[in-house]
Amino acid sequence: MSILNEFNLEGKVAVVTAGGGILGGAIACGLGEAGATVVIADIQLEKAAEVADRISEAGGKALAVVMDVFDRESIEAAAQYVMESLGSIDILVNGVGGNSPKATTNAEQSFFDIPADAIKWVSDLNFVHGVLIPTQVFAKHMLSNEDGASIINISSMNAFRPLTRIVSYSAAKAAVNNFTQWLAVHLAQEYGPKLRVNAIAPGFFLTDQNRYLLVDAETGQPTARGGQILSHTPQGRYGAPEDLAGATVFLASDAARFVTGIIVPIDGGFSAYSGV
Ligand SMILES: NC(=O)c1ccc[n+]([C@@H]2O[C@H](COP(=O)([O-])OP(=O)(O)OC[C@H]3O[C@@H](n4cnc5c(N)ncnc54)[C@H](O)[C@@H]3O)[C@@H](O)[C@H]2O)c1
């Protein structure tokens, strides 16, 4: 078999949660291009459908399902629907995550004043409800796959060394890394080596959520924070969403059959650079 065939995802079914988002959408398109049938699962059905259309227009196979990770029944219903309509789940990308200004320190809100419910919400969005619970629901269907299966969590640079201000997001992404390693070991020891668990850790990607922090709206020049990021990124640019697709396809594919429990930084060298 040619080495390139090992990366081919024909015949596999991939579920991408938050697949209607900017990064999840690019990952979903990459998986579709590699041959997988891609289920775009998102709380916003319209956004999921847009990504599914993009994949179909490019000649791939995709469908959109509505799913809210805060509602276990809706995750179970989505998993059931995928099993009934496509017969298996081979790849799960846990893409749900994000921050809230309410869980961020700033001139108006010190660390000491951050409300507990804001901290909990961000932690739940990125870890408990965003990753752990969907994994419980989907992975049960993936355990029996004869040809193996792959779970890929979306972590962040914050997981290795926390960035300033975003206290709960950093802690929750660190939990995602820890859980990725824990579950890789647990599944291999308790259920055998076929269901693998890994993560990707995107560096800095310009998205609608962070553009106002990183680019001066009037001049188009980097803000102080944006400049710091770029000067600490040896490749000297922000990531493009498509930069995440190749590593995800690799982790999803048979080419990574002996790879479990790793977190792959996709960051233009940010995490390798000491700043000197
Ligand atoms: N943007 C970055 O620079 C960056 C960097 C590192 C890591 N990440 C991580 O990448 C992932 C995707 O980020 P993004 O920038 O593409 O986000 P995004 O805001 O573009 O997309 C998020 C998607 O999640 C969906 N969503 C929100 N709540 C949901 C819920 N309860 N149930 C199901 N779907 C829900 C939204 O509808 C949206 O389509 C997140 O885990 C994020 O933390 C992003």
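For the record, in the sequence shown the residue sitting at position 190 is 1288 according to our numbering, with numbers rising by one throughout. Don't be surprised by glycine CBs; every beta carbon is placed ideally from N, CA and C.
| Query | Result |
| --- | --- |
| Option in G1185, G1122, A1201 with minimal Cα separation from E1244 | G1185 |
| Contact check, T1135 vs A1160, beta carbons under 8 Å | yes |
| Distance between beta carbons of G1158 and E1131, contact taken as under 8 Å | 6 Å |
| Contained alpha helix (DSSP H) runs [length at least 4] in the region 1126-1208, N- to C-terminal order | 1143-1155, 1170-1184 |
| Among F1168, L1230, D1222, H1239, nearest to A1182 - alpha-carbon criterion | Reading the sequence as shown, one finds Glu at residue 1182 and not Ala. The shortest Cα separation from E1182 among F1168, L1230, D1222, H1239 belongs to H1239. |
| N1296, DSSP secondary structure in three states | strand |
| Close-in-space but distant-in-sequence residues of the same chain around I1217 (CB under 8 Å, 5 per side omitted) | A1201, V1265, S1266 |
| Coarse secondary structure for F1277, derived from DSSP in three states | helix |
| E1148 versus N1192 - alpha carbon distance | 19 Å |
| beta-carbon Q1307 near ligand 1 non-hydrogen atom, thresh 7 Å | yes |
| V1265, DSSP secondary structure in three states | helix |
| 8 Å Cβ cutoff met for N1204 and R1263 | yes |
| Euclidean distance between Cα positions of A1370 and P1260 | 15 Å |
| Distance cut-off 7 Å: I1120 Cβ against heavy atoms of ligand 1 | yes |
| Length at least 3, wholly inside the region 1226-1266: the beta strand (DSSP E) runs in chain order | 1247-1252 |
| Straight-line Cα distance separating V1274 from A1126 | 20 Å |
| Distance CB(T1233)-CB(G1359) smaller than 8 Å | no |
| Classification of F1209 by the beta-carbon crowding that lies within 10 angstroms, buried from 16 upward | exposed |
| Bounding residues of the beta strand (DSSP E) (the contiguous stretch that carries A1112) | 1111-1115 |
| Beta-carbon proximity of G1246 to N1224, cut-off 8 Å | no |
| Ligand 1 heavy atom lying under 7 Å from the CB of A1116 | yes |
| Any non-hydrogen atom of ligand 1 within 7 Å of F1168 CB | yes |
| Same chain, Cβ closer than 8 Å to N1256, five either side skipped, listed in chain order | I1264, Y1267, S1268, K1271, A1272 |
| beta-carbon P1363 near ligand 1 non-hydrogen atom, thresh 7 Å | no |
| Outcome for V1163 when other beta-carbon atoms lying within 10 angstroms are tallied against a minimum of 16 | buried |
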